[in-house]
Amino acid sequence: MFYALLATLPALLLLSALASGSETALFSLTALDREDIRHRAPNAARAIDRLLARPRVLLILVLVLNMTVNVTYFVVSSILTLQAPDPVEATAVSIGSVLAIILFGEVFAKVIASTRPGSVAMRVAHLLLGARGLLAPVLFALDRFAVAPLARVVHPDPNDSRVRREELTALIDQAGDALSDSERHMLREVIWLRDRRIRDIMIPRVDLRWVEPDWKPGDALPPGQEFVPISNDGLHRNVLKTIDARCALVGRFDACLSDPVFVPEQARLDQLLSLLARRGVEHAYCVDELGEVSGLVRIEDVIDELVTGVSATDADEVVMLRLGVWRVPGRMPAHDLAELFSVPEIERVAAKARVSTIGGLVLAGLGRVPREGDSLDIAGLRLTVARMRGRAVLDVEVCPLIPGTSDA
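All letters in the sequence shown, in the order written, are residues 912 to 1319 by the numbering used here.
Written out as C-alpha coordinates, the structure reads:
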(Lines of atoms letter the chains of each structure in order from A and count residues from 1; the text may use other names and numbers.)
(Lines give C-alpha, C1' and ligand atoms only; values in the text may rest on other atoms or scores of the structure.)
Protein backbone atom coordinates (compact mmCIF):
# COMPACT_ATOMS: atom_id res chain seq x y z
CA MET A 1 0.00 0.00 0.00
CA PHE A 2 2.83 2.40 0.89
CA TYR A 3 4.64 1.99 -2.42
CA ALA A 4 1.39 2.06 -4.41
CA LEU A 5 0.57 5.47 -2.96
CA LEU A 6 4.17 6.60 -3.48
CA ALA A 7 3.83 5.81 -7.18
CA THR A 8 0.91 8.27 -7.49
CA LEU A 9 3.00 11.27 -6.41
CA PRO A 10 4.83 11.74 -9.75
CA ALA A 11 1.51 11.68 -11.61
CA LEU A 12 0.00 14.26 -9.26
CA LEU A 13 3.18 16.31 -9.55
CA LEU A 14 2.85 16.32 -13.34
CA LEU A 15 -0.80 17.41 -13.14
CA SER A 16 0.14 20.22 -10.75
CA ALA A 17 2.86 21.39 -13.13
CA LEU A 18 0.42 21.34 -16.07
CA ALA A 19 -2.16 23.38 -14.17
CA SER A 20 0.40 25.90 -12.93
CA GLY A 21 2.22 26.19 -16.26
CA SER A 22 -0.96 26.50 -18.32
CA GLU A 23 -1.99 29.62 -16.42
CA THR A 24 1.38 31.28 -17.09
CA ALA A 25 1.46 30.20 -20.74
CA LEU A 26 -2.07 31.28 -21.69
CA PHE A 27 -1.92 34.65 -19.98
CA SER A 28 1.57 35.34 -21.42
CA LEU A 29 0.52 34.93 -25.06
CA THR A 30 1.05 38.01 -27.21
CA ALA A 31 -0.87 38.85 -30.37
CA LEU A 32 2.08 37.61 -32.44
CA ASP A 33 2.16 34.32 -30.48
CA ARG A 34 -1.54 33.74 -31.15
CA GLU A 35 -1.14 34.56 -34.83
CA ASP A 36 1.75 32.07 -35.06
CA ILE A 37 -0.41 29.39 -33.40
CA ARG A 38 -3.21 30.07 -35.92
CA HIS A 39 -0.81 29.17 -38.73
CA ARG A 40 0.75 26.15 -36.99
CA ALA A 41 -2.29 24.63 -35.24
CA PRO A 42 -5.66 26.14 -36.21
CA ASN A 43 -7.64 23.81 -33.92
CA ALA A 44 -5.50 24.69 -30.91
CA ALA A 45 -5.81 28.38 -31.81
CA ARG A 46 -9.61 28.13 -31.76
CA ALA A 47 -9.49 26.42 -28.37
CA ILE A 48 -7.18 29.14 -27.03
CA ASP A 49 -9.49 31.86 -28.37
CA ARG A 50 -12.46 30.26 -26.61
CA LEU A 51 -10.56 30.02 -23.34
CA LEU A 52 -9.22 33.58 -23.42
CA ALA A 53 -12.61 34.97 -24.43
CA ARG A 54 -13.59 34.47 -20.76
CA PRO A 55 -10.37 35.15 -18.85
CA ARG A 56 -11.93 35.20 -15.39
CA VAL A 57 -13.55 31.80 -15.88
CA LEU A 58 -10.24 30.48 -17.23
CA LEU A 59 -8.41 31.74 -14.15
CA ILE A 60 -11.00 30.15 -11.84
CA LEU A 61 -10.70 26.86 -13.77
CA VAL A 62 -6.91 26.77 -13.48
CA LEU A 63 -7.00 27.64 -9.78
CA VAL A 64 -9.64 24.97 -9.07
CA LEU A 65 -7.63 22.32 -10.93
CA ASN A 66 -4.37 23.36 -9.29
CA MET A 67 -5.89 23.48 -5.83
CA THR A 68 -7.60 20.08 -6.27
CA VAL A 69 -4.41 18.41 -7.47
CA ASN A 70 -2.25 20.02 -4.77
CA VAL A 71 -4.65 19.10 -1.96
CA THR A 72 -4.76 15.51 -3.23
CA TYR A 73 -0.97 15.50 -3.45
CA PHE A 74 -0.54 16.64 0.16
CA VAL A 75 -3.19 14.21 1.42
CA VAL A 76 -1.32 11.33 -0.22
CA SER A 77 2.04 12.57 1.08
CA SER A 78 0.57 12.88 4.60
CA ILE A 79 -0.69 9.29 4.46
CA LEU A 80 2.71 8.15 3.24
CA THR A 81 4.40 9.98 6.10
CA LEU A 82 2.16 8.23 8.63
CA GLN A 83 2.61 4.80 7.00
CA ALA A 84 6.38 5.06 6.53
CA PRO A 85 8.24 2.04 8.00
CA ASP A 86 10.69 4.18 9.98
CA PRO A 87 11.18 7.84 10.98
CA VAL A 88 13.92 8.41 8.39
CA GLU A 89 11.64 7.47 5.50
CA ALA A 90 8.82 9.53 7.01
CA THR A 91 11.08 12.59 7.18
CA ALA A 92 12.34 12.00 3.63
CA VAL A 93 8.78 11.71 2.26
CA SER A 94 7.60 14.81 4.14
CA ILE A 95 10.49 17.08 3.09
CA GLY A 96 10.86 15.60 -0.40
CA SER A 97 7.19 16.01 -1.28
CA VAL A 98 7.21 19.68 -0.27
CA LEU A 99 10.39 20.45 -2.21
CA ALA A 100 9.11 18.56 -5.26
CA ILE A 101 5.80 20.45 -5.42
CA ILE A 102 7.60 23.80 -5.05
CA LEU A 103 10.35 23.11 -7.58
CA PHE A 104 8.62 20.96 -10.20
CA GLY A 105 4.98 21.85 -9.66
CA GLU A 106 5.49 25.62 -9.50
CA VAL A 107 8.93 27.08 -10.24
CA PHE A 108 10.12 24.89 -13.14
CA ALA A 109 6.62 24.70 -14.63
CA LYS A 110 6.22 28.48 -14.69
CA VAL A 111 9.75 29.06 -16.02
CA ILE A 112 9.19 26.66 -18.94
CA ALA A 113 5.73 28.11 -19.64
CA SER A 114 7.00 31.69 -19.62
CA THR A 115 9.88 30.91 -22.00
CA ARG A 116 7.76 28.90 -24.46
CA PRO A 117 4.17 30.06 -23.94
CA GLY A 118 3.01 29.18 -27.46
CA SER A 119 4.16 25.55 -27.34
CA VAL A 120 2.73 24.99 -23.85
CA ALA A 121 -0.57 26.69 -24.69
CA MET A 122 -1.06 24.53 -27.80
CA ARG A 123 -0.62 21.35 -25.73
CA VAL A 124 -2.94 22.25 -22.86
CA ALA A 125 -5.69 24.20 -24.65
CA HIS A 126 -7.91 21.23 -25.56
CA LEU A 127 -7.43 19.66 -22.11
CA LEU A 128 -8.51 22.85 -20.37
CA LEU A 129 -11.42 23.34 -22.75
CA GLY A 130 -12.66 19.84 -21.95
CA ALA A 131 -12.23 20.44 -18.23
CA ARG A 132 -14.15 23.71 -18.52
CA GLY A 133 -17.05 21.84 -20.10
CA LEU A 134 -17.08 19.19 -17.36
CA LEU A 135 -16.85 21.72 -14.55
CA ALA A 136 -19.16 24.32 -16.11
CA PRO A 137 -21.78 24.30 -13.29
CA VAL A 138 -19.09 24.61 -10.60
CA LEU A 139 -17.28 27.39 -12.46
CA PHE A 140 -20.54 29.28 -13.04
CA ALA A 141 -21.43 29.10 -9.34
CA LEU A 142 -17.98 30.25 -8.23
CA ASP A 143 -17.91 33.10 -10.73
CA ARG A 144 -21.47 34.28 -10.11
CA PHE A 145 -21.72 33.97 -6.34
CA ALA A 146 -18.13 34.29 -5.09
CA VAL A 147 -15.63 35.88 -7.47
CA ALA A 148 -17.89 38.50 -9.09
CA PRO A 149 -19.19 39.93 -5.77
CA LEU A 150 -15.64 40.06 -4.37
CA ALA A 151 -14.41 41.75 -7.55
CA ARG A 152 -17.04 44.47 -7.14
CA VAL A 153 -15.89 45.05 -3.55
CA VAL A 154 -12.15 45.10 -4.34
CA HIS A 155 -12.43 46.90 -7.68
CA PRO A 156 -15.59 49.05 -7.82
CA ASP A 157 -17.46 49.78 -11.03
CA PRO A 158 -15.27 51.95 -13.30
CA ASN A 159 -18.39 53.99 -14.10
CA ASP A 160 -17.78 55.70 -10.75
CA SER A 161 -14.79 57.50 -12.28
CA ARG A 162 -16.89 58.44 -15.29
CA VAL A 163 -19.41 60.10 -13.01
CA ARG A 164 -16.65 62.16 -11.43
CA ARG A 165 -15.48 63.27 -14.87
CA GLU A 166 -19.02 64.27 -15.79
CA GLU A 167 -19.29 66.26 -12.57
CA LEU A 168 -16.04 68.03 -13.41
CA THR A 169 -17.36 68.77 -16.90
CA ALA A 170 -20.52 70.23 -15.37
CA LEU A 171 -18.37 72.41 -13.11
CA ILE A 172 -16.54 73.75 -16.18
CA ASP A 173 -19.87 74.50 -17.87
CA GLN A 174 -20.97 76.48 -14.80
CA ALA A 175 -17.79 78.58 -14.71
CA GLY A 176 -19.63 81.50 -16.27
CA ASP A 177 -17.49 84.35 -17.60
CA ALA A 178 -14.34 82.96 -15.96
CA LEU A 179 -13.74 80.79 -19.05
CA SER A 180 -14.24 81.51 -22.73
CA ASP A 181 -16.08 79.05 -24.95
CA SER A 182 -12.83 77.83 -26.51
CA GLU A 183 -11.27 77.32 -23.07
CA ARG A 184 -14.30 75.35 -21.92
CA HIS A 185 -14.13 73.16 -24.99
CA MET A 186 -10.42 72.45 -24.57
CA LEU A 187 -10.77 71.62 -20.87
CA ARG A 188 -13.65 69.24 -21.62
CA GLU A 189 -11.54 67.49 -24.26
CA VAL A 190 -8.61 67.14 -21.83
CA ILE A 191 -10.90 65.63 -19.18
CA TRP A 192 -12.20 63.03 -21.62
CA LEU A 193 -8.79 62.34 -23.15
CA ARG A 194 -8.56 58.97 -21.39
CA ASP A 195 -11.68 57.80 -23.23
CA ARG A 196 -10.28 58.50 -26.69
CA ARG A 197 -8.33 55.94 -28.68
CA ILE A 198 -5.50 56.45 -31.14
CA ARG A 199 -7.43 54.73 -33.92
CA ASP A 200 -10.00 57.56 -33.72
CA ILE A 201 -7.52 60.17 -34.94
CA MET A 202 -4.82 58.26 -36.85
CA ILE A 203 -4.19 58.58 -40.58
CA PRO A 204 -5.24 55.14 -41.91
CA ARG A 205 -2.78 53.04 -43.86
CA VAL A 206 -4.80 53.35 -47.07
CA ASP A 207 -3.96 57.08 -47.08
CA LEU A 208 -0.23 56.58 -46.51
CA ARG A 209 2.42 56.38 -49.23
CA TRP A 210 5.80 54.75 -48.70
CA VAL A 211 9.10 54.28 -50.53
CA GLU A 212 11.22 51.19 -51.10
CA PRO A 213 14.49 50.51 -49.22
CA ASP A 214 16.53 51.62 -52.26
CA TRP A 215 15.41 55.26 -51.75
CA LYS A 216 18.38 57.66 -51.71
CA PRO A 217 18.64 61.30 -50.58
CA GLY A 218 17.55 63.46 -53.46
CA ASP A 219 15.02 60.93 -54.81
CA ALA A 220 11.39 61.99 -55.14
CA LEU A 221 9.04 61.65 -52.18
CA PRO A 222 5.24 61.23 -52.18
CA PRO A 223 3.64 64.71 -52.21
CA GLY A 224 1.64 66.09 -49.32
CA GLN A 225 3.01 63.70 -46.70
CA GLU A 226 5.11 64.94 -43.80
CA PHE A 227 6.49 61.58 -42.65
CA VAL A 228 7.24 58.94 -45.30
CA PRO A 229 7.93 55.35 -44.19
CA ILE A 230 10.54 53.15 -45.85
CA SER A 231 9.07 49.65 -46.14
CA ASN A 232 10.02 46.44 -47.93
CA ASP A 233 6.67 44.67 -47.59
CA GLY A 234 4.07 47.18 -48.76
CA LEU A 235 3.73 48.77 -45.31
CA HIS A 236 2.21 45.68 -43.73
CA ARG A 237 4.61 44.88 -40.88
CA ASN A 238 8.06 46.22 -41.70
CA VAL A 239 8.88 49.91 -41.37
CA LEU A 240 12.65 50.19 -41.68
CA LYS A 241 13.06 53.95 -41.33
CA THR A 242 11.01 57.14 -41.51
CA ILE A 243 11.87 60.06 -43.78
CA ASP A 244 11.06 63.54 -42.48
CA ALA A 245 10.04 65.21 -45.75
CA ARG A 246 10.61 68.68 -44.29
CA CYS A 247 14.29 67.98 -43.63
CA ALA A 248 14.73 66.19 -46.95
CA LEU A 249 13.27 69.10 -48.92
CA VAL A 250 15.74 71.60 -47.43
CA GLY A 251 18.68 69.27 -47.99
CA ARG A 252 19.26 68.20 -44.37
CA PHE A 253 19.66 64.56 -45.32
CA ASP A 254 21.71 63.75 -42.22
CA ALA A 255 18.69 64.54 -40.01
CA CYS A 256 15.85 63.32 -42.22
CA LEU A 257 16.00 59.60 -41.28
CA SER A 258 14.75 58.22 -37.96
CA ASP A 259 13.87 54.85 -36.45
CA PRO A 260 10.15 54.03 -36.35
CA VAL A 261 8.14 54.11 -33.13
CA PHE A 262 5.12 51.81 -32.83
CA VAL A 263 2.03 52.11 -30.66
CA PRO A 264 -1.13 49.95 -30.41
CA GLU A 265 -4.10 51.53 -32.19
CA GLN A 266 -6.24 50.74 -29.12
CA ALA A 267 -4.02 52.79 -26.78
CA ARG A 268 -5.44 55.94 -25.21
CA LEU A 269 -4.46 59.42 -26.33
CA ASP A 270 -2.94 60.25 -22.94
CA GLN A 271 -0.74 57.15 -23.28
CA LEU A 272 0.28 58.30 -26.76
CA LEU A 273 1.32 61.72 -25.46
CA SER A 274 3.43 60.09 -22.74
CA LEU A 275 5.11 57.82 -25.30
CA LEU A 276 5.89 60.64 -27.73
CA ALA A 277 7.30 62.81 -24.93
CA ARG A 278 9.39 59.94 -23.56
CA ARG A 279 10.82 59.03 -26.97
CA GLY A 280 11.22 62.64 -28.11
CA VAL A 281 9.38 62.10 -31.42
CA GLU A 282 6.45 63.76 -33.20
CA HIS A 283 4.77 60.69 -34.68
CA ALA A 284 4.27 56.95 -34.28
CA TYR A 285 3.00 54.07 -36.40
CA CYS A 286 -0.18 52.41 -35.20
CA VAL A 287 -0.36 48.60 -35.19
CA ASP A 288 -3.39 46.34 -34.80
CA GLU A 289 -3.74 43.20 -32.68
CA LEU A 290 -1.94 41.16 -35.37
CA GLY A 291 1.08 43.44 -35.36
CA GLU A 292 0.32 44.93 -38.78
CA VAL A 293 0.65 48.64 -39.50
CA SER A 294 -2.80 50.23 -39.49
CA GLY A 295 -1.94 53.92 -39.68
CA LEU A 296 0.18 56.87 -38.58
CA VAL A 297 -0.55 59.29 -35.75
CA ARG A 298 1.14 62.66 -35.21
CA ILE A 299 1.25 64.89 -32.18
CA GLU A 300 -0.53 67.57 -34.21
CA ASP A 301 -3.47 65.17 -34.65
CA VAL A 302 -3.86 65.08 -30.87
CA ILE A 303 -3.61 68.88 -30.69
CA ASP A 304 -6.23 69.26 -33.43
CA GLU A 305 -8.48 66.91 -31.49
CA LEU A 306 -8.08 68.94 -28.30
CA VAL A 307 -8.53 72.33 -29.94
CA THR A 308 -11.27 71.62 -32.47
CA GLY A 309 -12.70 68.26 -31.39
CA VAL A 310 -12.36 67.11 -35.01
CA SER A 311 -9.11 66.24 -36.76
CA ALA A 312 -8.07 68.89 -39.26
CA THR A 313 -7.85 66.43 -42.15
CA ASP A 314 -11.38 65.14 -41.64
CA ALA A 315 -12.78 68.63 -41.01
CA ASP A 316 -11.43 69.80 -44.36
CA GLU A 317 -13.23 66.94 -46.09
CA VAL A 318 -16.69 67.65 -44.62
CA VAL A 319 -18.56 69.27 -47.50
CA MET A 320 -22.13 70.58 -47.58
CA LEU A 321 -23.63 69.24 -50.83
CA ARG A 322 -27.00 70.94 -50.46
CA LEU A 323 -29.26 72.14 -47.70
CA GLY A 324 -29.35 69.46 -45.01
CA VAL A 325 -26.94 67.03 -46.74
CA TRP A 326 -23.19 66.73 -46.02
CA ARG A 327 -20.48 64.51 -47.44
CA VAL A 328 -18.01 63.13 -44.89
CA PRO A 329 -15.09 60.70 -45.26
CA GLY A 330 -15.79 57.10 -44.31
CA ARG A 331 -12.71 57.05 -42.08
CA MET A 332 -14.05 59.89 -39.89
CA PRO A 333 -14.31 58.72 -36.26
CA ALA A 334 -17.83 58.17 -34.96
CA HIS A 335 -16.96 60.53 -32.08
CA ASP A 336 -16.37 63.36 -34.57
CA LEU A 337 -19.64 62.65 -36.37
CA ALA A 338 -21.46 62.76 -33.01
CA GLU A 339 -19.89 66.15 -32.23
CA LEU A 340 -20.51 67.66 -35.68
CA PHE A 341 -24.21 66.79 -35.65
CA SER A 342 -24.74 66.90 -31.85
CA VAL A 343 -25.91 63.27 -31.77
CA PRO A 344 -24.15 61.56 -28.81
CA GLU A 345 -26.16 58.38 -29.46
CA ILE A 346 -23.83 57.71 -32.41
CA GLU A 347 -20.94 57.02 -30.02
CA ARG A 348 -23.00 54.50 -28.05
CA VAL A 349 -24.06 52.71 -31.24
CA ALA A 350 -20.43 52.58 -32.42
CA ALA A 351 -19.22 51.27 -29.06
CA LYS A 352 -21.89 48.56 -29.05
CA ALA A 353 -20.95 47.50 -32.59
CA ARG A 354 -17.23 47.69 -31.69
CA VAL A 355 -16.39 50.03 -34.55
CA SER A 356 -14.78 53.45 -34.49
CA THR A 357 -15.43 55.04 -37.90
CA ILE A 358 -18.43 56.02 -40.00
CA GLY A 359 -17.48 53.38 -42.55
CA GLY A 360 -17.45 50.80 -39.77
CA LEU A 361 -20.90 51.95 -38.63
CA VAL A 362 -22.28 51.45 -42.13
CA LEU A 363 -20.67 48.03 -42.45
CA ALA A 364 -21.96 46.91 -39.04
CA GLY A 365 -25.44 48.30 -39.70
CA LEU A 366 -25.80 46.62 -43.10
CA GLY A 367 -24.20 43.37 -42.00
CA ARG A 368 -22.38 43.03 -45.34
CA VAL A 369 -19.93 44.82 -47.61
CA PRO A 370 -21.70 48.08 -48.59
CA ARG A 371 -22.45 49.16 -52.15
CA GLU A 372 -22.70 52.70 -53.46
CA GLY A 373 -26.23 53.96 -52.83
CA ASP A 374 -26.85 51.81 -49.75
CA SER A 375 -28.32 53.75 -46.85
CA LEU A 376 -29.40 53.20 -43.28
CA ASP A 377 -30.78 55.30 -40.45
CA ILE A 378 -28.83 55.54 -37.20
CA ALA A 379 -29.66 57.77 -34.23
CA GLY A 380 -31.61 60.31 -36.27
CA LEU A 381 -29.12 60.45 -39.17
CA ARG A 382 -29.46 58.88 -42.61
CA LEU A 383 -26.11 57.57 -43.83
CA THR A 384 -25.82 56.91 -47.57
CA VAL A 385 -22.74 55.31 -49.13
CA ALA A 386 -21.53 57.78 -51.76
CA ARG A 387 -18.23 56.27 -52.87
CA MET A 388 -16.42 52.96 -52.43
CA ARG A 389 -12.91 51.72 -53.19
CA GLY A 390 -12.91 47.94 -53.14
CA ARG A 391 -14.36 47.07 -49.74
CA ALA A 392 -13.50 50.43 -48.16
CA VAL A 393 -16.14 53.12 -47.68
CA LEU A 394 -14.53 56.34 -48.92
CA ASP A 395 -17.39 58.87 -48.62
CA VAL A 396 -20.75 58.90 -46.87
CA GLU A 397 -23.59 61.38 -47.29
CA VAL A 398 -25.16 62.38 -43.98
CA CYS A 399 -28.66 63.79 -43.73
CA PRO A 400 -30.36 64.60 -40.39
CA LEU A 401 -33.81 63.03 -40.37
CA ILE A 402 -36.94 65.01 -39.74
CA PRO A 403 -38.88 63.28 -36.92
CA GLY A 404 -41.27 60.74 -38.40
CA THR A 405 -39.34 60.21 -41.66
CA SER A 406 -37.06 57.34 -40.53
CA ASP A 407 -37.52 54.00 -42.25
CA ALA A 408 -36.18 52.15 -39.23
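Just so you know, even glycine gets a beta-carbon here, dropped at the ideal spot from N, CA and C.
- Ranked by Cα distance from HIS1037, the options ARG1233, ASN954, LEU993 are led by ASN954.
- In the displayed model, ASP1170 falls within coil according to three-state DSSP, outside both helix and strand.
- Listed in chain order, the alpha helix (DSSP H) runs fully inside the stretch 1276-1307 amount to none, counting runs of at least 4 residues.
- Sequence-distant partners of LEU1040 (beyond 5 residues in either direction) whose C-beta falls short of 8 Å from its own C-beta, in its chain, are ALA958, ARG961, LEU962.
- Here ILE1013 is exposed: its Cβ has fewer than 16 other Cβ atoms, across all protein chains shown, within 10 Å.
- For ALA1178, the CB contacts under 6 Å within the same chain, skipping 5 residues up- and downstream, are ILE1109 in chain order.
- Assigned with DSSP and collapsed to three states, LYS1263 falls in helix.
- Residue range 953-963 is occupied by the alpha helix (DSSP H) that includes LEU963.
- CA-CA distance, VAL1266 to LEU974, rounds to 35 Å.
- The Cβ neighbour count for ALA1020, taken over all protein chains shown within 10 Å, is at least 16; the residue is labelled buried.
- Excluding its 5 nearest sequence neighbours in each direction, SER1205 has C-beta neighbours in its own chain below 8 Å: ARG1110, MET1113, PRO1115, ARG1116, GLU1176, CYS1197, VAL1198, ASP1199, listed in chain order.
- Cβ contact annotation for ALA1166 (same chain, cutoff 8 Å, sequence separation greater than five): ASP1155, CYS1158, in chain order.
- Segment contact: the stretch 927-934 against the stretch 1024-1037, three or more CB-CB distances shorter than 8 Å; contact assigned.
- Where THR1268 is concerned, there is no enclosing alpha helix (DSSP H), because DSSP gives it neither an H nor an E.
- In the structure shown, GLY1235 adopts coil according to DSSP, grouped into three states.
- Cβ atoms of ARG1242 and GLY1270 come within 8 Å of each other, at about 6 Å.
- In this structure, the straight-line span from the alpha carbon of VAL1122 to that of GLY1202 is close to 20 Å.
- ASP1199 sits in coil when the DSSP states are folded into three classes, being neither helix nor strand.
- In the three-state reduction of the DSSP assignment, HIS1037 falls in the helix class, which pools H, G and I.
- The secondary-structure analysis by DSSP pairs PRO1140 across a beta bridge with THR1153.
- Exclusion of the five residues before and after ASP947 leaves GLY1029 as the residues of its chain whose Cβ lies within less than 8 Å of its Cβ.
- DSSP places VAL1101 in the helix class (H, G or I) of the three-state scheme.
- In the DSSP assignment, the residues bridged to PRO1115 are GLY1206.
- Scanning PRO1124, PHE1138, LEU1132 for the CA closest to the CA of LEU1151 turns up PRO1124.
- By DSSP's assignment, VAL1309 forms a beta bridge with TRP1237, LEU1294.
- Rounded to whole angstroms, VAL1049 and ARG1259 show a C-alpha spacing of 35 Å.
- Contact check for ASP1285 against LEU1274 fails: the beta carbons are separated by 8 Å or more.
- Under DSSP, no beta-bridge partner is assigned to PRO1124.
- Per DSSP, the unbroken alpha helix (DSSP H) holding ILE1006 starts and ends at 998-1013.
- The C-alpha of PHE1173 is placed about 32 Å away from the C-alpha of GLU1256.
- In this structure, GLY1291 sits near LEU1312, with a CB-CB distance shorter than 8 Å.
- Taking a C-beta distance under 8 Å as the contact criterion, ARG965 and ALA956 do not qualify as a contact pair.
- With respect to the 8 Å criterion, ALA928 and PHE1015 are classified as neighbours on the basis of their beta carbons.
- Of the residues assessed, ARG1163 falls on the exposed side of the cut-off, its CB having fewer than 16 other CB atoms within 10 angstroms.
- For LEU1180, the enclosing alpha helix (DSSP H) starts and ends at 1180-1190.
- Under the DSSP assignment, GLN994 falls in the alpha helix (DSSP H) whose first and last residues are 966-994.
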